[in-house]
Amino acid sequence: MAAVDIAYLTEFDPLWSDDAKSAILNPETLLFQNVAAYQACIADCMSCSAGLLASDYAFWCAECQGMLYPFIETAAAHNGGVGTSVLMVSKFMAKMHRQLMLWGYYGYKGLCGKYPMPIMKKSQYRLQMTYPIPETKSCKSIGQTEATWQAGREFPVNGEDFGYLIWRKRDCCLL
51 MAAVDIAYLT EFDPLWSDDA KSAILNPETL LFQNVAAYQA CIADCMSCSA
101 GLLASDYAFW CAECQGMLYP FIETAAAHNG GVGTSVLMVS KFMAKMHRQL
151 MLWGYYGYKG LCGKYPMPIM KKSQYRLQMT YPIPETKSCK SIGQTEATWQ
201 AGREFPVNGE DFGYLIWRKR DCCLL
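See below:
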């Protein structure tokens with residue numbers, strides 16, 4: 051029998067399921083609930099769809115999936131199971147960065163070890179669907195449109211839950 055290590059359960063996190071409590075810990079959420087912030091996400095979605103990487107400067111956006119803020123379990127709009135599940139994974143990773151449970155590992159600061167990164171850099175991560183139908187040919191950047199690969203990946207009964215393998219970029223030094 052193998053040991054199971056569950057490092058974090060959202061069921062026990064009161065901030066993951068409550069807008070008001072999450073806003074106390076992340077007051078900048080209120081800054082991003084406006085039309086200008088959403089328009090920046092649209093521009094990022096268009097550039098990401100054109101083949102460019104997700105912008106780390108628009109840290110409040112998950113580009114084509116929507117807004118990362120607030121860091122809660124709900125989405126403003128349900129755009130299909132695949133798109134919404136990618137958004138939830140992105141929101142959760144951004145939340146873990148804010149709580150310093152995930153750290154930075156790349157760039158000059160990350161050459162010889164990890165460093166605190168309270169604002170997630172989306173360019174550090176890639177996502178690869180593992181369930182219900184594995185994506186075996188490539189991995190997707192956070193914010194990349196799912197319109198090109200979501201077809202046939204959501205189906206009734208067994209295809210309504212999703213699993214992802216998260217790849218993290220890591221720079222290292224030779225001592």
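Residues in the sequence shown are numbered consecutively from 51, following the numbering used here.
No residue lacks a Cβ here, since even glycine has one placed at the ideal position from N, Cα and C.
Could you tell me the alpha carbon to alpha carbon distance between MET51 and ILE192, rounded to whole angstroms? Residue placement at MET51 cannot be trusted, given a pLDDT of 46 that sits under 50; the coordinates are not used to answer.
With a Cβ-Cβ cutoff of 8 Å, do TRP199 and GLU185 count as a contact? yes
Would you tell me roughly how many angstroms separate the C-alpha atoms of GLN89 and THR195, rounded to the nearest one? 16 Å
With DSSP as the reference, identify every bridge partner of PRO178, one or two as the case may be. One point to set straight first is that residue 178 is Gln, not Pro, in the sequence displayed. Answer is LEU215, bridged to GLN178.
Would you report the Cα separation of PHE212 and ASN84, rounded to the nearest angstrom? 30 Å
So which of MET170, LEU224, LYS141, LYS159 has the shortest CA-CA distance to SER67? LYS141
Going by C-alpha distance, which of LYS172, ALA201, THR180, PHE205 is nearest LEU103? LYS172
With DSSP run on the structure shown, which of helix, strand or coil describes PRO184? coil
Are at least three pairs of beta-carbons, each pair with one atom in the region 114 to 124 and one in the region 173 to 183, less than 8 Å apart? no
Distance, Cα to Cα, GLU204 vs ALA126? 20 Å
Quick one: what does DSSP say PHE82 is sitting in, helix, strand or coil? helix
Compare the beta carbon distance of GLU113 and ASP94 with 8 Å and say whether it is the shorter of the two. yes
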